[in-house]
Amino acid sequence: MGKRLAKRQRHPRWHFALSGVVLAGAIALSLYIPWRKQADETPATSPISAPAPFQATDARQLADSLYTGIDGALLEMGLWPELFSKNRQTDLDRIKVSVPADLPLTEANLGITRFVQGLGGQVIGASQRRGQVKMRCGFAGTATTTLTLTPITERRRAGKIAIVLDDFGGGGDAIAARFCALQQPLTLAILPNEGQVSDLSDRAHANGHQVLLHLPMEPEGGQDPGEGAISVDQDNKEIRRRIRQALKKVPHARGISNHMGSKATADERVMQQVLNELKARNLLFLDSRTTANSVAYDMAIDMDLRAYTRDLFLDEIDEIEAIEARLWDLAGIAARAGQAIGIGHDREATLLALTSILPRLEMRGFRFAPISRLLP
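Okay, structure coming up:
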């Protein structure tokens, strides 16, 4: 049975020793939770800086660091400030948490346990009664804090996200293998004339990722989109022949996205041929929206073709921090609209940003899916 912490005054010598820790935590929360004032607009989609490592050396330190830092731990699980309350007492601090229906109590319990252990504390005991979980936390057997977890019917403010990664096939096998090793389902858009296309498509498929044919299409400005590209000066027969040839090179392709194509996707005749070929094969189309003049998506919808358009480009700035920020932006769109599509590329910075942010978004309740699992 854990010992209770003796009655505590909040202002003696130990308080001043810890005031810097508490103040730093408060400042960190105010800096990294700008959405606290607008939770209804951008819920659970802002990054929170990882707290500096801190190991309590006694019960009182543990009590204060837990009380200050629990906000960030709960926010990382996708909860918003209205779902938890805190009350400092002379015996035990009390924290009440409303747990959304899509977050199992066992997972919430585990997340809090890891947080407490990371501070140098322990969960002294836990019990479940009438659906509630009560946890007693403390230091070296001395209880400092009780947490009460109560399930509610409301779900976390999250959504479904599809990450599409363009230009695979030309970046080399090593980075492709690392992308394929990511646990979250991705959609790889593979160029039909670069590298070991068939092997890459097989690897992506075997690792649970979806494959698209990234079809080279004519851009404005005369830039070369690559071998086998669709261009506006080709006749209908040639356009469809090239699509068939490209599809043969990329096994497992569930559809097509355009590589470049700002000129071709704005041409109704060209897109009619592309979309007719896809409809005949029951394949989807993703409009990368390389131009505001694209007619592709609207035409596909009019044809009752399964079609999508991207919400964000993730790596226009090829830097890890910038890409991470775009992933949080994408999550915000998914939280508001229910789903979102982000397009990135086969780059090192993109890979590292995905590795860092996707697990955190999953902790907050976001789900990752191949593009075909989203509503068109």
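Per this note's numbering, the sequence shown starts with residue 7, numbered consecutively. We treat Cβ as the ideally placed atom computed from N, Cα and C, and that holds for glycine.
- Under the rule that 16 or more other beta-carbon atoms within 10 Å means buried, what is Ala-341, buried or exposed? Locating residue 341 in the sequence shown gives position 335, where the first residue counts as 1. By the neighbour-count rule (16 or more Cβ atoms within 10 Å), Ala-341 is buried.
- Less than 8 angstroms between the CB atoms is what I'm expecting for Val-301 and Val-256, so what's the real figure, rounded? If you number the sequence shown from 1, residue 301 lands on position 295. If you number the sequence shown from 1, residue 256 lands on position 250. At roughly 25 angstroms, the Cβ-Cβ gap does not stay under 8 angstroms, so Val-301 and Val-256 are not in contact.
- Residue nearest to Ala-187 in terms of C-alpha spacing, selected from Arg-332, Ser-104, Leu-358, Asp-273: For the purposes of this step, residue 187 is taken as residue 181 along the sequence shown, with counting starting at 1. Nearest C-alpha to Ala-187: Leu-358.
- Task: Have a look at Asn-199 and Gly-175 and give me their C-alpha separation to the nearest angstrom.
- Result: Sequence index remark: in the sequence shown, residue 199 carries index 193 (1-based). Sequence index remark: in the sequence shown, residue 175 carries index 169 (1-based). So the alpha carbons of these two residues sit roughly 8 angstroms apart.
- Distance between beta carbons of Met-83 and Ile-117, contact taken as under 8 angstroms: The residue you call residue 117 lines up with position 111 of the sequence shown. The residue you call residue 83 lines up with position 77 of the sequence shown. Correcting the residue type first, residue 117 is Gly in the shown sequence and not Ile. At roughly 5 angstroms, the Cβ-Cβ gap stays under 8 angstroms, so Gly-117 and Met-83 are in contact.
- Query: Can you name the start and end residues of the beta strand (DSSP E) that Thr-293 belongs to?
  - Reply: Against the sequence shown, residue 293 aligns to sequence position 287. Residue 293 is actually Asp in this sequence, not Thr. 290-293 is the span of the beta strand (DSSP E), which, as asked, contains Asp-293.
- Message: On a Cα-Cα basis, can you pick out the residue from His-215, Pro-110, Phe-374, Arg-66 that is closest to Gln-345?
- Response: Start at 1 with the first residue of the sequence shown, and residue 345 comes out as number 339. Checked all of His-215, Pro-110, Phe-374, Arg-66; the closest Cα to Gln-345 is Phe-374.
- Does DSSP classify Pro-222 as helix, strand or coil? Within the sequence shown, the letter at position 216 stands for residue 222. DSSP places Pro-222 in strand when its eight states are reduced to three.
- Item | Range covered by the beta strand (DSSP E) that runs through Ala-195 | Counted from its first residue, the sequence shown places residue 195 at position 189. Start and end: 193-196.
- Message: The beta strand (DSSP E) that contains Met-383, what's its start and end?
- Response: Past the edges of the chain, shown from 7 to 382, lies residue 383, and the structure says nothing about it.
- Message: Less than 6 angstroms between C-beta atoms, sequence neighbours within five positions excluded: which residues of the same chain meet that for Asp-317?
- Response: Counted from its first residue, the sequence shown places residue 317 at position 311. Once the five neighbours on either side are set aside, the close Cβ partners of Asp-317 are Ile-339, Ala-346, Ile-347.
- Task: Look up Lys-378 in the DSSP assignment and say whether it is helix, strand or coil.
- Result: Residue 378 sits at position 372 when you count from the first residue of the sequence shown. One point to set straight first is that residue 378 is Ser, not Lys, in the sequence displayed. Correct three-state label for Ser-378: helix.
- Message: So the candidates are Arg-163, Leu-311, Leu-281, Arg-66; which of them puts its Cα closest to the Cα of Gly-147?
- Response: Within the sequence shown, numbered from 1, the residue matching residue 147 stands at position 141. Distances from the alpha-carbon of Gly-147 to those of Arg-163, Leu-311, Leu-281, Arg-66 put Arg-66 closest.
- Query: What residue range is occupied by the uninterrupted alpha helix (DSSP H) comprising Lys-254?
  - Reply: Your numbering for residue 254 matches position 248 in the sequence shown. Start and end: 242-255.
- Assign Ser-294 to buried or exposed, taking buried as 16 or more other Cβ atoms, counted over all protein chains shown, within 10 Å of its Cβ. Within the sequence shown, numbered from 1, the residue matching residue 294 stands at position 288. Counting Cβ neighbours within 10 Å, Ser-294 comes out buried, since at least 16 surround it.
- Query: Alpha carbon to alpha carbon, what distance is there between Phe-291 and Arg-163?
  - Reply: The residue labelled residue 163 in the question sits at position 157 within the sequence shown. The residue labelled residue 291 in the question sits at position 285 within the sequence shown. Spanning the two alpha carbons is a distance of roughly 28 angstroms.
- Chain-order list of residues whose beta-carbon lies under 6 angstroms from that of Gln-190 (same chain, five-residue window excluded): Walking along the sequence shown from the start, residue 190 turns up at place 184. If we look at Gln-190 and ignore the five residues flanking it on each side, its Cβ neighbours are Leu-364, Phe-374.
- CB contact flag (Gly-126, Ala-69, <7 angstroms): If you number the sequence shown from 1, residue 126 lands on position 120. If you number the sequence shown from 1, residue 69 lands on position 63. No.
- Query: In terms of residue numbering, what span does the alpha helix (DSSP H) encompassing Thr-356 cover?
  - Reply: As a first step, residue 356 is located in the sequence shown; it is residue number 350 there, counting from the start. Here the alpha helix (DSSP H) through Thr-356 covers 354-369.
- Message: Closest to Thr-152 by C-alpha separation, out of Asn-93, Gln-278, Asp-172, Leu-333, would be which residue?
- Response: Stepping through the sequence shown from its first residue, residue 152 is reached at position 146. Residue Asn-93 is the option with its Cα nearest to Thr-152.
- Message: Assuming Gly-165 and Phe-319 are in contact, meaning their beta carbons sit under 8 angstroms apart, how far apart are those beta carbons, in whole angstroms?
- Response: Within the sequence shown, residue 165 is the residue found at index 159, counting from 1. Within the sequence shown, residue 319 is the residue found at index 313, counting from 1. In fact, because the Cβ distance is near 19 angstroms, the residues do not count as touching under 8 angstroms.
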